[in-house]
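Taking mature numbering (1 follows the signal peptide of the UniProt record, and there is no 0), I'd label the letters of the sequence shown as residues -24 to -1, 1 to 127.
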Amino acid sequence: MTMLGSSLHTLTAVTIFLTTCVHSEDIATNQWHITLRSPLNIRQVRDLVGRNGFSVINQVLGSETEYHIVHNGLASHRTRRSISHTKLLKAADNVVRAEQLTGYVREKRGYKPFILSGDNSKFQHTYENNIRPRYMPKSNPQSSACCRRQL
């Protein structure tokens, strides 16, 4: 039983480690979603979150107590969550829940990176062929019949 218990303990530790690694790639934004105890008008909400440097983006549709807010003093995308700002929001009287929103890293599809040439004066493309539209023939387009207008 001790061998089974120790292997189960090891498996649990590995699972926790892997799930932590998967979630470590989340990108934290400078935006929060807050839920209030009771409905307030927009001026009261602006005063409430403005004390800590936040500004109101908008009220969440269909709810009188949920708001989308932003802190302009923080970077718009970062790898670490701002726990101190979340604690400031949660310490406010009327705030029930405050959650920092996550974002994502934008990547282009079909991106081909550039590398510097030996003399560092020009960029060289890493792929041999340049990108050419499908409709553009490989020969001279002026001499091609498909690209000239037939009269």
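The beta carbon of each residue, even a glycine, is placed where N, CA and C say it ideally should be.
Pairwise C-alpha distance: residue j and residue i
i	j	result
Arg82	Ile3	11 Å
Thr5	Ser52	5 Å
Thr41	Val71	9 Å
His9	Pro15	15 Å
Leu24	Ala68	8 Å
Thr55	Gly29	21 Å
Ser60	Lys84	33 Å
Glu75	Arg57	10 Å
Thr78	Ile18	25 Å
Asn48	Ser31	8 Å
Ile33	Gly26	12 Å
Arg13	Lys63	17 Å
Tyr80	Gly86	18 Å
Ser39	Lys66	19 Å
Option nearest residue i by Cα separation, candidates the options
i	options	result
Val21	Asn6, Leu37, Thr55 and Ile45	Ile45
Leu37	Thr11, Gly49, Thr62 and Leu50	Thr11
Tyr43	Tyr80, Gly86 and Arg73	Arg73
Span of the alpha helix (DSSP H) around residue i
i	result
Thr78	Run containing Thr78: none in the alpha helix (DSSP H); it sits in the beta strand (DSSP E), Val71 to Gly79.
Leu37	No alpha helix (DSSP H) holds Leu37; DSSP gives it neither H nor E.
Gly26	Ile18 to Gly26
In DSSP terms, what residue i is bridged to
i	result
residue 192	Absent from the model: residue 192. The displayed extent of the chain is -24 to 127, so no value can be given.
Leu12	Val71
Thr5	His53
Cutoff 8 Å; reference residue i; Cβ partners in own chain excluding five residues on either side
i	result
Leu50	Asn6, Ser58 and His61
Sequence-distant residues of its chain with Cβ nearer than 6 Å to residue i (five each side left out)
i	result
Gln35	Tyr43
His101	With a pLDDT of only 49 at His101, under the threshold of 50, the placement of this residue in the model should not be trusted; the figure read from the coordinates follows. Here the set comprises nothing.
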